[in-house]
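Have a look at the structure below before the remarks.
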Amino acid sequence: MWIDIVYLFFVLWAIYKGWTQGLIISIFSLLAWILGVIGALKFSGIASEYLHQQFKWNSEFVPIVSFLLVFILIALIINLIGKMLEKIIEIAHMGLINKICGVILKLLVYTFIFSILIWFINQAGWISPSVKMQSKVYASAAPVAPLVLDQISLMLPAIKDLLYNLQKFFESIPK
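In this note's numbering, the protein residues as written are 845 to 1019.
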């Protein structure tokens, strides 16, 4: 039962975020997070070196600050592009379609996130068989994340190793 209530919260939040952001901003927000993290991982070393050379800053926090600065810069640029594109969509009077598609995208993303959370909680042994049976959502939502992550791991082999190590970690925890 509690699983269904939590999922209902996810659904309501997804509808709200999807409607208020629309498809364009939702896509660009997702891209901002993904590309921001990738870019920050790739370029934070260069940014750290620059901060050190320009400001003679020798601190253990330089890599963290560099990561955050690069992430924020990339995310701001991507979100700015998304907002400009959304203005074009509004001028073309496609706002309603943008909002409805935004809701659909957010429902998919939030269902995926919910499925990941359920997977972690289940792997930790915190969901009893009776709770699984009573839930209206568990049987449908639980397999979403493993299915999506399996497909992603086919495209990105590094993800497969991460998932394997995570599975081994959960198997080693006494229940």
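Note that beta-carbon positions come from the ideal geometry of N, C-alpha and C, so glycine has one too.
None of these values were measured; they are calculated from a predicted model.
Cβ-Cβ distance between residue i and residue j below 9 Å
{"i": "Val906", "j": "Leu895", "result": "yes"}
{"i": "Ile932", "j": "Gly939", "result": "no"}
{"i": "Leu1020", "j": "Ser997", "result": "A query on residue 1020 cannot be resolved here, the shown segment of the chain reaching from 845 to 1019 and no further."}
{"i": "Ile957", "j": "Ile971", "result": "no"}
Close-in-space but distant-in-sequence residues of the same chain around residue i (CB under 7 Å, 5 per side omitted)
{"i": "Ser1026", "result": "Because the chain in this structure spans residues 845 to 1019, residue 1026 falls outside the shown range and cannot be described."}
Residue i versus residue j - alpha carbon distance
{"i": "Lys976", "j": "Asn966", "result": "10 Å"}
{"i": "Ala805", "j": "Ala876", "result": "Because the chain in this structure spans residues 845 to 1019, residue 805 falls outside the shown range and cannot be described."}
{"i": "Tyr860", "j": "Ala968", "result": "31 Å"}
{"i": "Ile916", "j": "Ser974", "result": "44 Å"}
{"i": "Asp848", "j": "Gln897", "result": "54 Å"}
{"i": "Val850", "j": "Ala986", "result": "13 Å"}
{"i": "Pro1001", "j": "Asn1009", "result": "13 Å"}
Closest Cα partner of residue i within the set the options
{"i": "Cys945", "options": "Thr864, Lys886, Ile847 and Ala983", "result": "Thr864"}
{"i": "Gly883", "options": "Leu961, Leu913 and Lys1012", "result": "Leu913"}
{"i": "Ser873", "options": "Lys886, Leu929 and Gln898", "result": "Leu929"}
{"i": "Thr955", "options": "Met845, Lys927 and Val855", "result": "Val855"}
{"i": "Ser959", "options": "Gln978, Ala989, Ala936 and Asn942", "result": "Ala989"}
{"i": "Leu852", "options": "Pro1001, Asp1005 and Val981", "result": "Val981"}
Close-in-space but distant-in-sequence residues of the same chain around residue i (CB under 6 Å, 5 per side omitted)
{"i": "Leu951", "result": "Ala858"}
Exposure label - residue i; buried when at least 16 CB within 10 Å
{"i": "Ser984", "result": "exposed"}
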